[in-house]
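Take a look at the structure below.
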Amino acid sequence: MHAPVPDHDPGKLLEDAETFIRQCYTELDREDEIEGRLAEIETEIAQTGHYDHTDDELAHGARMAWRNSNRCIGRLFWESLHVLDARDRSSAQDVYEGLCEHLEYATNGGDIRPTITIFKPMVRGERQVRIWNYQLIRYAGYETDDGVVGDPDSLEFTEYCRSRGWEGERTDYDVLPLAIETREGEPQLFEVPEDLVLEVRISHPDHVWFDDLGLQWYAVPVVSNMRLSLGGIQYTAAPFNGWYMATEIAARNFADGDRYDKLSEVADGLGLDTTRNRDLWKDEALVELNRAVLHSFERDGVKIVDHHTAAEQFGAFERREEAAGRDVTGDRSWLLPPMSSATTHIFHKTYDNRIETPNFFYQASPYEE
Ligand code: ARG
């Protein structure tokens, strides 16, 4: 998953292109086009040291990258990924507008559409576009005398934004600005328009006091800091989203001790004694937090999946891949939901964690460099 950006090497580029083109066109049942397309790419690389993907290569390649994402439990839906081609956007303003279109299209009033927007790739080893945010929508975090306000996971990026003149309102849920780097130089900051940020207030189906916790979360997780590696071409800005699995929010973002850390508050509300581990108060609080998140998203008509259903869907994905004659690779430690893991079939299996391409890779975060 962590892999350095490969050096620019036309020979290697042609080799990676060939592997991808053969697999892509075979899957699309267009074997007769392979040799012609390879000849074309070979000429293009010889003349320019680069080649451009066709729309079909881009779309199918992005879907393959999702299919190969070992840590993702949601891969059953890989073929339904909507691919928005934004390769013609060069200025930070253009990229910003592309990101706004992504948010609007993907959010779809709550009926979330799995979507990827693909910006200009690296050309001859030179980066053209990079989004510095981890996700397009993410809450800021501030160090204060009484501890962290907001999301502790965002401290460094928030600090960077502040160093660039951005000031948040200092609530627990300030949406961070977009930091977009292009060939124009230093990243430019843009506020995410409020009407593009769908958020859900968290309440509990049975406990009115839950509202007083003041919890909320955004509807669409758009991961924006990963590199899409496709046929030897590196797309350093290719933000993508699915919909949430409730445990991501309820059992991690709200529950982790180094995130919003809400388990004791929830347990207090439930009237539980939090002094004895063996009373399992954390477990009880986790279940109620998850019920609240699922209930609230459903109430607002925002698509979300519980971990039992997600695991079943992943099982269907494994069967479909087997039927298609492909091995499923996976990272079991990530595929397992953070609660009740042994109730899912994933717990009782092993997975091969080898990395296939096309795939998504982590990139060093520029503000920490
Ligand atoms: N776990 C991350 C979060 O809580 C989101 C990662 C992507 N999740 C997804 N369902 N596509 O924000």
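The number in our numbering is simply the position in the sequence shown, starting from 1, with 4 added. No residue lacks a Cβ here, since even glycine has one placed at the ideal position from N, Cα and C.
- Contact check for P370 against W136 passes: the beta carbons are separated by less than 7 Å.
- Ranked by Cα distance from N245, the first of D13, R79 and H64 is R79.
- No residue range can be given for G113, since it is assigned to no beta strand (DSSP E) and is classified by DSSP as neither H nor E.
- Cα atoms of R205 and G305: separation of roughly 12 Å, rounded to the nearest angstrom.
- When the beta-carbon positions are compared, A96 and I184 come within less than 7 Å of each other.
- Relative to ligand 1, the beta carbon of E316 is positioned no closer than 6 Å to any heavy atom.
- DSSP, read as helix, strand or coil, puts D36 in helix.
- Three or more beta-carbon pairs drawn from the stretch 108 to 127 and the stretch 80 to 93 are found closer than 8 Å, and the two stretches are therefore classed as touching.
- The beta carbon of E322 sits closer than 6 Å to those of V332, all from its chain and outside the five residues before and after it, given in chain order.
- Closest in C-alpha terms to I77, from the list R330, A328, Q317 and E360, comes Q317.
- If you check the C-beta of N257 against ligand 1, you find a heavy atom less than 6 Å away.
- Counting C-beta atoms within 10 angstroms of its own C-beta, Q238 has 16 or more neighbours from the protein chains shown and is therefore classed as buried.
- If the five residues before and after R71 are omitted, its C-beta is found closer than 7 Å to the C-beta atoms of R79 and W82, all from its own chain and listed in chain order.
- Sixteen is the threshold: when 16 or more other Cβ atoms of the shown chains lie within 10 Å of the Cβ of Y146, as they do, the residue is buried.
- For P243, the shortest separation between its Cβ and any heavy atom of ligand 1 does not lie below 6 Å.
- Apart from sequence neighbours up to five positions away, the residues of its chain that approach A259 with a beta-carbon distance below 7 Å are K266, L267, L290 and L293, ordered along the chain.
- For S337, the enclosing alpha helix (DSSP H) has its first and last residue at R336 to L339.
- Bridge partners of V127 according to DSSP: E130.
- The beta carbons of G154 and D20 sit no closer together than 7 Å.
- Distances from the CA of V224 to each of E39, M230 and I116 were compared; the closest alpha carbon is that of I116.
- Relative to T175, the option among R187, P156 and L193 whose CA is nearest is P156.
- Distance from T279 to A315 at the Cβ level is roughly 34 Å; contact not present, criterion being Cβ atoms closer than 8 Å.
- Under the three-state reduction of DSSP output, N72 falls in the coil class, being neither helix nor strand.
- Check the Cα spacing between V226 and each of D215, L234, A241 and M343: the tightest is with A241.
- Under the DSSP definition of a beta bridge, V153 partners with Y146.
- Residues R128 and G129 of the same chain have their beta carbon placed closer than 6 Å to that of H12, with the five preceding and five following residues left out of the count.
- Look at the stretch 260 to 286 and you find these whole runs of alpha helix (DSSP H), each 4 residues long or longer: 267 to 273.
- Comparing C-alpha distances from R166 to each of G189, L193 and R187 shows the shortest one belongs to L193.
- In the structure shown, R93 falls within a coil segment according to DSSP collapsed to helix, strand and coil.
- In the assembly as shown, Q132 is a buried residue. Its beta-carbon has 16 or more other beta-carbons within 10 Å.
- DSSP, read as helix, strand or coil, puts G189 in strand.
- Scanning its chain for C-beta atoms nearer than 6 Å, with the 5 sequence neighbours on each side dropped, one finds around R168 the residues L193, in chain order.
- Of the candidates E252, F301 and R324, the residue whose Cα lies closest to the Cα of P341 is E252.
- Taking the Cβ of P362 as the reference point, every heavy atom of ligand 1 lies at 6 Å or farther away.
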